[in-house]
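Protein chains in written order, with the numbering used here: chain S, 1184 to 1596; chain Z, 314 to 857.
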């Protein structure tokens, strides 16, 4: 009996093991069959939906399988880690400021566009996706901040920050709004949103190198110009005009504007959906600068397609990225999924008739700076934002800027 | 069907009459214990699952040629099979699953973390040296200044799957067709080729043109394939276009360095730092992973960014952990005592209401609490008509995060305290009341000590958890407010959030450094816990 039970158990166990064998074999076989023509694309949730029809079309036209997989969180980190382990996709879709980090990890390859193809794109978008003199991605959309104003409360676009503050203060005194300006700061600051004011005050982050890209050895934070710029920002802060406040943060700036509680909002194309939903009549104009300062330059961000270095099907990925995603159709479809200005000029021309906001956002970004894609930019965000928050809260300007500069310099080495 | 199976060798036993029958010795009882169908099925399924998982795990190991790992897998599976198919080694049968899970989910990650702490594993130093060299060379391929944009068809001279690749290209300006292989370009006779509009060669005598699927199957070959030319080489840009490009940087085995053909600059491999360094100190972005010995540990100890604010952060860290644990315990215990009172009515309703915060996802609640503490828009200031910048001032921010923890944590303490109270015999309280003890004395001398015996381990683990409660800080204040002159250490920063910022904030992810820091924190928490447990045991002896 004892032996028999043992035997029965062992036999069943073997059978189950074989079943495990069988199930794990099947996908392995199919994947070797399809490996010839399988392209895997990683994108975030929203873009996955927009890309699917085109990916399927590309697959059907060329007899290959294209799979678009949604990675909803930490796409860049997941991509770099998976790539390293050889489990990554062939193509990844993401923001252009990832390039520096992806290149230093050997995760993406340069792409070669013809001069003709390049000419079809917005110049800033091409500049943004270039790094160390090489083009690393095919941009499809751009985004930048602009001044969005409630036209019922403020019919005229302010020409300077001083104008804006004066109008805002008057509205606040009249009890029509509760805030002068909705520009998100938060308790740890927001370098991206304060950058236009910082540049208008004369500050810069990195100097320009020989190849036209950013030069990490020339750090602008801590220079006299940056202290000057932050002094001007301090005057708008909690101890000054009260236009900038730490209580206005990423969670409430857009909703406060949409609720009609402030007449001016500095935000990007993603904010207009809320304003439309709240039926606010709004207009978009350039971000004003200080009266005695330079023009305010927002960051220009680009979204792009990248070819993974360690993808299983690089040749097909190159084909897809360089010759297929450069088409107007794809750009328009991605615009329909999320309303950001297409980087392809022809696509922008096609959609801007139906959406007047696009041209205005693009005009607001005409003088903008590409968001630095160099890995050193990672060292800026946190200390720069905190210096901003401290200064807006009324701290000593020089001390805060110097502390940020020291922290950044320590990190960059 | 749960009837005991009887075999020819075992004596029939009547259930329920055990005590009256002759008692076999314990050893014989074990080997003769009835084999139930349920037991058998459970055994078969579990062992089968284990075997299936082993087989499933074996394939990747074979593929990666990890023979050591495979041997371990086979030995473990065989050991499991032997253990559960014999009737001996009863204690082992109970110990092995727990031990296996302990090794897989506790010991292994700790060992991996410890091993990582001795490397420079970080962004820019993730892979091997070969991978870094490949990345450097690929990234340096530039288009030759006057390169034409060739149209490309990938072809072979015979079988599309195995014969050597040939690039069939046409020059867009002249319309000439060429065949390119590793020997260079050779013009094709226009009579032999069919060229579609746009210049793509769709057929050529003596060549088989590969479709995307076939070419994709040889993707790596297509990418690596170069047709040498005078100025560089023809390379594929996708599967339909080609360009003339040149790798500007190349690795030279002889000097173990990377040389730039245009500027002549040389970056020599530095095995100590895992990167290519030029004489002027410039490093190439693409590095590789190397062992760095104790460098990460000495960095933790010598970095002024760590040592400077370390003490103040540590003190606040203790205050936060003690405040969170103690506060939730007191409040939870108070609620439990109140509801435990025999004259209390509607206790079930109260209990349900008290459990609610515990049932909500803390992730979302932390974010909501953060917004409730907002100066101008937050519920708390609006409700009480205050104008306190809660998260903007050091002491109010500290108070706020502890209050949030209190709200999130007291239902748990309430639950465990309720359970512990119910296990304390009523007679003890009644007896002391007869002896003339007042309620406070009864609580202080009887209930509390008995409660603490069962709750001490929970309090210690709650302390250890709160000591490293990353989410509680990161989702509410992210360590803010920060002093204006130091953006690295904030007033509410715990050691874990503060070091997270050091390791992952500035220069991308620095896994090696982060691992070294976590070993330090681990040592700290382990010491505190060990001391606390020893003290608890001493207390138990006093009270019991």
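Beta carbons: idealized from backbone N, C-alpha and C, even for Gly. On a predicted model such as this, the values are computed, not experimentally measured, just so you know.
At a Cβ threshold of 9 Å, is residue 718(Z) touching chain S?
As a working note, residue 718(Z) is residue 405 in the second chain. Taking Cβ atoms only, chain S never reaches closer than 9 Å to residue 718(Z), which makes this a no.
Chain Z contact for residue 1464(S) (CB, 9 Å cutoff)
Locating residue 1464(S) in the first chain gives position 281, counting from the first residue. Chain Z contact via Cβ: absent.
Unbroken beta strand (DSSP E) run spanning residue 1221(S), endpoints:
Mapped onto the first chain, residue 1221(S) falls at position 38. It spans 1221 to 1226 - the beta strand (DSSP E) in which residue 1221(S) sits, taken as one unbroken run.
Beta carbon proximity, residue 1594(S) to chain Z, threshold 9 Å
Residue 1594(S) sits at position 411 when you count from the first residue of the first chain. By this cut-off, residue 1594(S) is an interface position.
Exposure of residue 1383(S), with buried meaning 16 or more beta-carbon neighbours within 10 Å:
Position 200 of the first chain, counted from the start, is the residue given in the question as residue 1383(S). With 16 or more other Cβ atoms within 10 Å, it is buried.
Quick check: what's the CA-CA separation for residue 1307(S) versus residue 1469(S)?
The sequence position of residue 1307(S) within the first chain is 124, counting from 1. The sequence position of residue 1469(S) within the first chain is 286, counting from 1. Those two C-alpha atoms are separated by around 17 Å.
If you measure between the beta carbons of residue 1274(S) and residue 1489(S), is that distance less than 9 Å?
Sequence index remark: in the first chain, residue 1274(S) carries index 91 (1-based). Sequence index remark: in the first chain, residue 1489(S) carries index 306 (1-based). Yes, the pair counts as a contact, with Cβ atoms nearer than the cut-off.
Coil, strand or helix - residue 432(Z) by DSSP
Taking the second chain and counting its residues from 1, one reaches residue 432(Z) at position 119. Strand at residue 432(Z).
Measure the C-alpha to C-alpha separation of residue 677(Z) and residue 1310(S) and round it to an integer number of angstroms.
Along the second chain, read from residue 1 onward, the residue named residue 677(Z) stands at position 364. Along the first chain, read from residue 1 onward, the residue named residue 1310(S) stands at position 127. Cα to Cα, residue 677(Z) sits roughly 39 Å from residue 1310(S).
Near-chain S residues of the stretch 698 to 732 of chain Z (beta-carbon distance less than 9 Å), N- to C-terminal order
702, 704, 705 and 710
Check this for me: beta carbons of residue 367(Z) and residue 599(Z), under 9 Å apart or not?
On the second chain, residue 367(Z) is found 54 positions in, with the first residue counted as 1. On the second chain, residue 599(Z) is found 286 positions in, with the first residue counted as 1. Their beta carbons are not under 9 Å apart, which means residue 367(Z) does not touch residue 599(Z) by this criterion.
Which whole-angstrom value describes the C-beta separation of residue 1327(S) and residue 1547(S), a residue pair presumed to lie in contact below a C-beta threshold of 8 Å?
Within the first chain, residue 1327(S) is the residue found at index 144, counting from 1. Within the first chain, residue 1547(S) is the residue found at index 364, counting from 1. Yes, residue 1327(S) and residue 1547(S) are in contact; Cβ-Cβ is about 6 Å, under 8 Å.
Counting only C-beta atoms, is residue 1295(S) closer than 9 Å to chain Z at any point?
Within the first chain, residue 1295(S) is the residue found at index 112, counting from 1. Closer than 9 Å: yes.
Cα separation between residue 647(Z) and residue 641(Z)?
Within the second chain, numbered from 1, the residue matching residue 647(Z) stands at position 334. Within the second chain, numbered from 1, the residue matching residue 641(Z) stands at position 328. Rounded to whole angstroms, residue 647(Z) to residue 641(Z) spans 10 Å at the Cα level.
Exposure label - residue 1410(S); buried when at least 16 CB within 10 Å:
What you label residue 1410(S) is simply residue 227 of the first chain in a count that begins at 1. By the 10 Å Cβ count, residue 1410(S) comes out buried.
For residue 580(Z), which residues does DSSP report across the bridge?
As a first step, residue 580(Z) is located in the second chain; it is residue number 267 there, counting from the start. In the DSSP output, where bridge partners are listed per residue, residue 580(Z) has 571(Z) and 591(Z).
Whole-angstrom distance between residue 359(Z) and residue 328(Z), CA atom to CA atom
Translated into positions along the second chain, residue 328(Z) becomes position 15. Translated into positions along the second chain, residue 359(Z) becomes position 46. Since pLDDT at residue 328(Z) reaches only 45, below the 50 mark, its modelled position is unreliable, and no value is offered.
State the DSSP-derived secondary structure class of residue 824(Z), mapped to helix, strand or coil.
Mapped onto the second chain, residue 824(Z) falls at position 511. Three-state DSSP puts residue 824(Z) in a helix.
Evaluate residue 473(Z) with the Cβ neighbour count: other Cβ atoms within 10 Å of its Cβ, from every protein chain shown; 16 or more gives buried, anything less gives exposed.
Position 160 of the second chain holds residue 473(Z). Buried, by the Cβ-count rule.
Any beta carbon from chain S within less than 9 Å of residue 524(Z)'s own beta carbon?
Sequence index remark: in the second chain, residue 524(Z) carries index 211 (1-based). Answer yes: the Cβ-Cβ gap between residue 524(Z) and chain S drops below 9 Å somewhere.
With respect to 8 Å, is the separation between the Cβ of residue 1325(S) and the closest non-hydrogen atom of the ligand FMN below this value?
The ligand FMN is not among the ligands present in this structure, which contains no ligands whatsoever.
Straight-line CA distance for residue 1221(S) to residue 380(Z)?
Here residue 1221(S) is taken as the residue at index 38 of the first chain, counted from 1. Here residue 380(Z) is taken as the residue at index 67 of the second chain, counted from 1. When rounded, the distance between both Cα atoms is 30 Å.
CB contact check: residue 315(Z) to chain S, cutoff 9 Å
In the second chain, the residue the question calls residue 315(Z) occupies position 2. With a pLDDT of 42 at residue 315(Z), under the threshold of 50, the modelled position of this residue cannot be trusted; read the value that follows with caution. Not one chain S Cβ lies under 9 Å of residue 315(Z).
For residue 255(Z), does the count of other Cβ atoms within 10 angstroms reach 16, so buried, or fall short, so exposed?
This structure gives no information on residue 255(Z), because the portion of chain Z shown stretches from 314 to 857.
Within 9 Å of any Cβ in chain Z, is that where the Cβ of residue 1352(S) sits?
By 1-based counting over the first chain, the position of residue 1352(S) is 169. Judged by the 9 Å Cβ criterion, residue 1352(S) is not in contact with chain Z.
At a Cβ cut of 8 Å, what residues of the stretch 1432 to 1457 of chain S count as close to chain Z, listed as they run along the chain?
1432, 1434, 1435 and 1439
Using only the alpha-carbon positions, how far apart do residue 1206(S) and residue 369(Z) sit?
In the first chain, residue 1206(S) corresponds to position 23, counting from 1. In the second chain, residue 369(Z) corresponds to position 56, counting from 1. With a pLDDT of only 42 at residue 1206(S), under 50, the local geometry of the prediction cannot be trusted, and the value read off the model is given with reservation. Roughly 9 Å between the two C-alpha positions.
State yes or no: is the beta carbon of residue 335(Z) nearer than 9 Å to at least one beta carbon in chain S?
On the second chain, residue 335(Z) is found 22 positions in, with the first residue counted as 1. With a pLDDT of 46 at residue 335(Z), under the threshold of 50, the modelled position of that residue is not reliable, and no figure is offered here.
When the Cα atoms are used, what is the spatial distance from residue 1520(S) to residue 1339(S)?
Looking up residue 1520(S) in the first chain gives position 337. Looking up residue 1339(S) in the first chain gives position 156. When rounded, the distance between both Cα atoms is 32 Å.
Using a Cβ-Cβ cutoff of less than 7 Å, which residues in the same chain neighbour residue 1405(S) once the five nearest sequence positions on both sides are dropped?
Position 222 of the first chain, counting from 1, holds the residue named residue 1405(S). Answer for residue 1405(S): 1584, 1585 and 1588, listed in chain order.
Among residues of its own chain, excluding the 5 on either side of residue 588(Z), which ones have a beta-carbon nearer than 6 Å to its beta-carbon?
Numbered from its first residue, the second chain carries residue 588(Z) at position 275. 596 and 600, listed in sequence order.
Run through chain Z and tell me which residues come within less than 7 Å of residue 1286(S), C-beta to C-beta.
As a position in the first chain, residue 1286(S) is number 103, starting the count at 1. Within chain Z, the residues near residue 1286(S) are 452 and 598.
Coarse secondary structure for residue 410(Z), derived from DSSP in three states
Here residue 410(Z) is taken as the residue at index 97 of the second chain, counted from 1. It is helical.
Determine the chain C residues that contact residue 546(Z) at a beta-carbon separation under 7 Å, and present them in chain order.
Among the protein chains in the structure shown, which are S and Z, there is no chain C.
Report buried or exposed for residue 840(Z), applying the criterion of at least 16 other Cβ atoms within 10 angstroms of its Cβ.
As a first step, residue 840(Z) must be located in the second chain, where it is residue number 527. Exposed, since its Cβ has fewer than 16 Cβ neighbours within 10 Å.
Note down, in chain order, each residue of its chain lying with its Cβ closer than 6 Å to the Cβ of residue 1496(S), except the 5 sequence neighbours on either side.
Taking the first residue of the first chain as 1, we reach residue 1496(S) at position 313. So the qualifying residues of the chain are 1222 and 1273.
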